[in-house]
Every structure is written in structure tokens, then in C-alpha cells.
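Just remember that the working numbering sits 6 ahead of the position in the sequence shown, which is counted from 1. Backbone N, C-alpha and C define an ideal beta-carbon position, used for all residues, glycine too.
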Amino acid sequence: EQWRKLYIMFGVVYFFGGVIYLLYGSAVPRKWAKFQAVNNDTKPEKKIEDEMAMSMNGKA
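In C-alpha cells form, the structure reads like this:
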């Protein structure tokens, strides 16, 4: 019986929270939450190849 009251109470809280979000909330990302694209001039594959070549030359 006590658990039932607790589940009902949580259900009511979640229900009203959902209704308030539907009325006032928005799923549109804010300007501060967006990432800017980073423009890298070098390709990662080229970088890895260069590092591997340097390590092979150093061991030989």
C-alpha cells in the first residue's frame, strides 16, 4: 500500500512535468549549445602516414 502511494505520487510529478514542458518547452537548440565546425587543412590519414614514416626512419 505504501509503495502504491509512492508510485502514484511520482506518476503525478512526471505527468505535470511533461505537461509543463509541452506548454513552455522547446527542442530547438540554443545558439550557445551549437558546435562550430573545425576546418583542418591536413587529412588525418596523411598525418598518420607521416608519423609512421618518421618512426620507421628512426628505427632503421
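What residues in its chain sit with their C-beta under 6 Å from that of residue i, if we drop five residues either side in the sequence?
i	result
Ala-66	Unreliable placement is indicated for Ala-66, whose pLDDT of 45 sits below 50; the coordinate value is still reported in the next sentence. Around Ala-66: no qualifying Cβ.
Trp-38	none
With 7 Å set as the bound, which would you pick, yes or no: does the beta-carbon of residue i sit closer than that to a beta-carbon of chain B?
i	result
Tyr-20	In the displayed structure, chain B is absent; only one protein chain is listed.
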